[in-house]
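Per our numbering, the very first residue in the sequence shown carries number 3; after that it's consecutive.
Ideal placement from N, C-alpha and C gives every residue a C-beta, glycine not left out.
Presented below is the structure to which this report refers.
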Amino acid sequence: MMVLFVILGTGAVFIIWTCERSHWPSAEMAARQQEVQRLQETLAALQAQLAAREEEAVATVKAPDGAGSSDALAMVDHTTSELLAQQVRDLQAENQRLRDDLGFYENLLPANGNGTIAIRSLQAERRTPTELSWQLLVMQPRRDAGTFKGRLEWEVRGQKDGEPWSLPTGKAQQALEFSRYQRIEGQLSVPADVQISSVTARVFEGRQERSSQTIELQP
């Protein structure tokens, strides 16, 4: 069963590697959906095996023949059950990760057929008092679009000592260059005493703003 889990884990890594480099969002989504289904089936089998082991352990403890042998068998069954339980937890975590990836790749499908640059799946989280982690997807829906060269700018707003605060634009820029889409992530440094209220990502081509997206952060 441990070998099965390792094989599944390797397969998941291979699918992720393939999807990150594919130019066909629908194929990426299909791969994610198939992997989620396989993990769910394996998870159900492990949960059933774990339940059976726990029932065997209870029966062994209640067996009348020789307390010593019953205790030894119960210990073995307990160890096996713990291993199975850990596999179940690992598979549940892997399943959730794949579901998150599936949701991300669903955003690769354009909402319309025009050729405009679009920011999709913007996420931001304040993981430490002075660090704002972010990730997003920027894409060109048209398959025949040429290479896009531009820049990503951030606008972070909030409150500091009861007064409006914003992150200086010059401290939050990043070059962009991609054909179909680019998934990027990073961190922004923010003062520890700032209460962040919103984060806006803007894509520029030269001086022209091509796309923007804003999310609100919970205090």
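Boundaries (first-last residue) of the beta strand (DSSP E) holding residue 119: No beta strand (DSSP E) contains residue 119, which DSSP labels as neither H nor E.
Pick from 53, 89 and 82 that is closest to residue 44, judged by C-alpha positions: 89
Buried or exposed for residue 216, please, with buried defined as at least 16 other CB atoms from any protein chain shown within 10 angstroms of its CB. exposed
So, under 8 Å CB-CB, residue 181 and residue 121 are touching, yes? Tell me the CB distance rounded to an integer number of Å. Not confirmed; about 16 Å, so no contact.
Should residue 212 be listed as close to the ligand NAP, given that the test is whether its C-beta is under 8 Å from any heavy atom? Within the structure as shown, the ligand NAP is missing, as the structure has no ligands at all.
Look at the Cβ atom of residue 178, then the Cβ atom of residue 154, and state whether they are nearer than 9 Å. With contacts defined by Cβ atoms closer than 9 Å, residue 178 and residue 154 form a contacting pair.
In three-state DSSP terms, what is residue 83? helix
Label residue 218 either buried or exposed according to how many other C-beta atoms from any shown protein chain fall within 10 Å of its C-beta, with 16 as the threshold for buried. exposed
Within 10 angstroms of its Cβ, does residue 152 collect 16 or more other Cβ (buried), or is it exposed? buried
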